[in-house]
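Residues in the sequence shown are numbered from 5 upward in steps of one, following the numbering used here.
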Amino acid sequence: MAVVDPIADLLTRIRNAYTAMHSSVKVSSSRMRSAILDIMQEEGYITGFISDDGSIVVDLKYYDGKGVVSGLQRVSKPGRRVYVASKDIPLVQNGLGICILSTSKGILEGRKAAEIGVGGELLCEIW
Numbered sequence: 005m006a007v008v009d010p011i012a013d014l015l016t017r018i019r020n021a022y023t024a025m026h027s028s029v030k031v032s033s034s035r036m037r038s039a040i041l042d043i044m045q046e047e048g049y050i051t052g053f054i055s056d057d058g059s060i061v062v063d064l065k066y067y068d069g070k071g072v073v074s075g076l077q078r079v080s081k082p083g084r085r086v087y088v089a090s091k092d093i094p095l096v097q098n099g100l101g102i103c104i105l106s107t108s109k110g111i112l113e114g115r116k117a118a119e120i121g122v123g124g125e126l127l128c129e130i131w
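This is the structure:
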């Protein structure tokens, strides 16, 4: 069966893997998923990921036996798209989390998008 929302599927698989204390999780590959995982790796939410044969293996990160990610939330959905201007990019958990946007400059973390002055579709929030 086809996945209707691949970003929500990625976030749900990561959330479930953290809950089950898995060391890694396998998801199907796409450029958007890779871009989101790149940002998560840069921000320290995952250890890394490896692409192979149409799938991506994501290595999860733990600290003192607890997952580094406390929450993942899909904001813009296929049935209700959410767009924000550069000045309206939200602070996630008072600056302790990140938001990821799809902009005209590519997939960017919220602070970086605000820094260069671009808005876009608010894909998800991670804290």
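Here a beta-carbon is modelled for each residue, glycine too, at the ideal position from N, C-alpha and C.
Integer Cβ distance of residue i from residue j, believed to fall under 8 Å
i: residue 87; j: residue 52; result: The Cβ separation is near 31 Å, so there is no contact.
i: residue 80; j: residue 126; result: 5 Å
Residue i, enclosing beta strand (DSSP E) - first and last residue
i: residue 77; result: 76 to 78
i: residue 105; result: 102 to 107
i: residue 64; result: 59 to 64
i: residue 30; result: 28 to 32
Of the residues the options, the one placed nearest residue i, counting alpha carbons only
i: residue 42; options: 121, 111, 119, 128; result: 111
i: residue 32; options: 75, 13, 64; result: 13
i: residue 122; options: 107, 113, 131, 129; result: 107
i: residue 94; options: 131, 63, 66; result: 131
i: residue 22; options: 38, 101, 71; result: 71
Enclosing alpha helix (DSSP H) for residue i [first to last residue]
i: residue 38; result: 35 to 46
i: residue 56; result: Not the alpha helix (DSSP H): residue 56 falls in the beta strand (DSSP E), residues 50 to 56.
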